Structure formats: structure tokens, C-alpha cells
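A.B. asks: Each number in the numbering used here corresponds to the 1-based position in the sequence shown with 111 added.
All C-beta atoms in this analysis are idealised placements derived from N, C-alpha and C, irrespective of residue type, glycine included.
Source: prediction; values computed, not measured.
Take this structure, written in C-alpha cells, and hold onto it; I'll ask about it next.
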Amino acid sequence: MIGLPTLFIRTAGCDLRCRWCDTPYALLREQGTEWTVESIVDEAKKRRVRDICITGGDPLMQSGETADLASRLLDEGFRIVLETSGAYDVSCLPSSDRLTVSMDIKLPGSGMEDRNMLSNLRSLGKQDQVKFIIADRKDYEYARKIMAENSIPCEIIMTPVGGKEMGWLAEAVLEDGLEVRVLPQLHKYIWGDERGR
Ligand code: SF4
Numbered sequence: 112m113i114g115l116p117t118l119f120i121r122t123a124g125c126d127l128r129c130r131w132c133d134t135p136y137a138l139l140r141e142q143g144t145e146w147t148v149e150s151i152v153d154e155a156k157k158r159r160v161r162d163i164c165i166t167g168g169d170p171l172m173q174s175g176e177t178a179d180l181a182s183r184l185l186d187e188g189f190r191i192v193l194e195t196s197g198a199y200d201v202s203c204l205p206s207s208d209r210l211t212v213s214m215d216i217k218l219p220g221s222g223m224e225d226r227n228m229l230s231n232l233r234s235l236g237k238q239d240q241v242k243f244i245i246a247d248r249k250d251y252e253y254a255r256k257i258m259a260e261n262s263i264p265c266e267i268i269m270t271p272v273g274g275k276e277m278g279w280l281a282e283a284v285l286e287d288g289l290e291v292r293v294l295p296q297l298h299k300y301i302w303g304d305e306r307g308r
């Protein structure tokens with residue numbers, strides 16, 4: 112959904128500790144502010160956007176509330192991308208062609224590769240995404256191995272750590288003929304690390 116005006120809803124709380132995590136302010140529940148599902152929906156309806164990204168932290172640390180929130184936003188006609196670490200069961204989420212689960216598969220550069228719940232791949236559909244965040248060549252090869260050994264039913268995205276230095280990654284994907292999308296983190300080009308953007 113890169114480039115579309117999007118409202119981000121960022122949940123607080125994640126029990127992974129990726130070495131390159133760029134949202135350390137969202138790792139603890141205490142760093143957040145309490146919102147009810149209805150108050151978030153009301154706020155979203157005031158914004159002039161159709162697309163919403165629910166991200167974290169990891170929204171599935173609060174799976175019941177997140178599933179409820181996604182259902183309510185779908186009821187209101189929004190399209191949703193829900194980002195998750197891949198460490199928690201995604202099957203709790205509502206099924207809709209307006210909900211895309213964007214699920215990370217962690218690589219050695221994150222230090223969190225033991226947390227991958229690859230059984231989640233069976234819960235994903237063709238509108239979903241698997242995302243590899245790639246630190247180096249070792250990560251790239253690890254991602255290729257996972258792609259070779261597992262049936263991935265949806266689009267695959269590769270993004271470099273930091274979201275910008277992607278020349279070598281694009282060259283590697285072309286050389287290996289992989290059917291993946293190589294994407295930057297567009298907001299980092301526009302706003303850098305500024306929060307609230
Ligand atoms: S899963 Fe996401 S929020 Fe959690 S530590 Fe890793 S990058 Fe940070």
C-alpha cells in the first residue's frame with residue numbers, strides 16, 4: 112500500500128527485541144496510552160483516509176482487542192494492513208478482502224529468528240504479505256532458504272534494514288530471479304525518524 116495516505120494505529124507492547132528495531136518507544140505496554148476500541152474507531156472516522164495500518168509493537172500482543180478493532184474498522188469501510196512480527200497466531204483476525212496481514216519472518220540479523228511461528232503461513236491468503244527485513248547477505252540467503260522450504264501463499268516483500276539502502280538487494284533479487292517486491296520505507300525518505308508521521 113506504499114504511497115497511499117494512511118492512518119497508522121500503533122499499539123504498545125512487543126516481547127521481541129530485534130537488534131535493529133526502529134520503534135523502541137513502543138516495546139512496553141506502559142509506553143502507550145489507553146484507548147478503547149470505540150474511541151480509536153471514532154478518531155479514525157475523523158481522518159480523511161480510507162487506509163489504515165495497524166502496527167506496533169506487535170498488535171497481536173493484544174490479540175482479542177486487535178481482532179475486535181479490525182472488525183470494527185472493517186465495518187466502517189476502511190481497508191487495513193495489519194503488521195505483525197510473525198511470532199503470534201494470526202488466525203484470530205477477521206477474514207476480509209479488505210484486511211491484509213503483513214507478517215514478518217525474522218532473520219538472523221534481527222536475533223529473533225527462533226521466534227518465527229511458520230505455522231502461520233497456513234493461515235495466510237493471497238491478499239496477505241510475508242515480509243523479510245534484511246540486514247545483510249546472510250539474511251538474504253536465509254530468506255531464500257525459507258522461501259525454498261515453505262509454501263508461501265501470498266506476496267513476498269524484501270526491505271532493507273533502515274528502509275533505504277536497497278541497491279545491493281535489488282541487484283541480488285534480479286540476479287537470482289526471485290518473484291518478490293523490493294520496497295523502501297517511504298516515510299523514512301520523506302520524514303526520517305520523526306515520530307507521529
Ligand atoms: S517485532 Fe517489531 S516492534 Fe518488536 S522488537 Fe522487532 S521490530 Fe521492534
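Do three or more CB pairs link the segment 164-172 to the segment 118-125 at distances below 8 Å?
C.D. replies: Short answer: they touch.
A.B. asks: Please name the residue in 162, 301, 252 whose C-alpha comes closest to that of residue 115.
C.D. replies: Counting from 1 along the sequence shown, the entry for residue 115 is found at position 4. Cα-wise, what sits closest to residue 115 is 162.
A.B. asks: Please confirm whether any heavy atom of the ligand SF4 lies closer than 8 Å to the CB of residue 134.
C.D. replies: Here residue 134 corresponds to residue number 23 of the sequence shown, with the count starting at 1. Indeed, a heavy atom of the ligand SF4 lies less than 8 Å from the Cβ.
A.B. asks: Taking only heavy atoms of the ligand SF4 into account, decide whether any of them is closer than 8 Å to the Cβ of residue 200.
C.D. replies: Taking the first residue of the sequence shown as position 1, residue 200 is located at position 89. No.
A.B. asks: My guess is that residue 238 and residue 211 are in contact by the Cβ rule of under 8 Å, so how many angstroms apart are they, rounded?
C.D. replies: For the purposes of this step, residue 238 is taken as residue 127 along the sequence shown, with counting starting at 1. For the purposes of this step, residue 211 is taken as residue 100 along the sequence shown, with counting starting at 1. Rounded, the Cβ-Cβ distance is 5 Å, consistent with contact.
A.B. asks: Run through the DSSP bridge pairs and tell me what residue 170 is partnered with.
C.D. replies: Counting from one through the sequence shown, the residue named residue 170 turns up at place 59. Its beta-bridge partners do not exist; DSSP assigns none.
A.B. asks: Tell me which residue opens and which closes the alpha helix (DSSP H) that residue 156 is part of.
C.D. replies: By one-based count along the sequence shown, residue 156 stands at place 45. Taken as a continuous stretch (DSSP letters only), the alpha helix (DSSP H) holding residue 156 covers 148-157.
A.B. asks: Contact check, residue 209 vs residue 183 under 8 Å by CB: the rounded distance?
C.D. replies: Taking the first residue of the sequence shown as position 1, residue 209 is located at position 98. Taking the first residue of the sequence shown as position 1, residue 183 is located at position 72. That pair is no contact at about 13 Å.
A.B. asks: To the nearest angstrom, report how far apart residue 309 and residue 288 are at their CA atoms.
C.D. replies: Nothing in the structure corresponds to residue 309, since the chain is present only between 112 and 308.
A.B. asks: Which residue's Cα is closest to the Cα of residue 148: 142, 156, 141?
C.D. replies: Position 37 of the sequence shown, counting from 1, holds the residue named residue 148. The candidate whose alpha carbon is nearest that of residue 148 is 156.
A.B. asks: Can you check whether the CB of residue 130 is closer than 9 Å to the CB of residue 281?
C.D. replies: In the sequence shown, counting from the first residue as 1, residue 281 sits at position 170. In the sequence shown, counting from the first residue as 1, residue 130 sits at position 19. It is not a contact, given that the beta carbons lie outside the stated cut-off.
A.B. asks: Identify the continuous alpha helix (DSSP H) that holds residue 194 and give its terminal residues.
C.D. replies: In the sequence shown, residue 194 corresponds to position 83, counting from 1. Note, residue 194: premise wrong, no alpha helix (DSSP H); beta strand (DSSP E) at 190-195.
A.B. asks: Taking C-beta to C-beta, are residue 242 and residue 263 nearer than 9 Å?
C.D. replies: In the sequence shown, counting from the first residue as 1, residue 242 sits at position 131. In the sequence shown, counting from the first residue as 1, residue 263 sits at position 152. Not in contact: residue 242 and residue 263 (Cβ atoms no closer than 9 Å).
A.B. asks: Assign residue 195 to one of two classes, buried (16 or more other C-beta atoms within 10 Å of its C-beta) or exposed (fewer than that).
C.D. replies: Taking the sequence shown and counting its residues from 1, one reaches residue 195 at position 84. When all chains shown are included, residue 195 counts as buried.
A.B. asks: Is the beta carbon of residue 192 closer than 9 Å to that of residue 234?
C.D. replies: As a first step, residue 234 must be located in the sequence shown, where it is residue number 123. As a first step, residue 192 must be located in the sequence shown, where it is residue number 81. Result no, Cβ atoms of residue 234 and residue 192 do not sit closer than 9 Å.
A.B. asks: Compute every distance between the C-beta of residue 289 and the non-hydrogen atoms of the ligand SF4, then say whether any falls below 8 Å.
C.D. replies: For the purposes of this step, residue 289 is taken as the residue at position 178 of the sequence shown. Result no, Cβ not under 8 Å from the ligand SF4.
A.B. asks: Count the other CB atoms, across all protein chains shown, that sit within 10 Å of the CB of residue 259; report buried if there are 16 or more and exposed otherwise.
C.D. replies: In the sequence shown, counting from the first residue as 1, residue 259 sits at position 148. Under this definition residue 259 is an exposed residue.
A.B. asks: Measuring only the C-alpha atoms, how far is residue 278 from residue 181?
C.D. replies: As a first step, residue 278 must be located in the sequence shown, where it is residue number 167. As a first step, residue 181 must be located in the sequence shown, where it is residue number 70. If you take the alpha carbons of residue 278 and residue 181, they lie about 35 Å apart.
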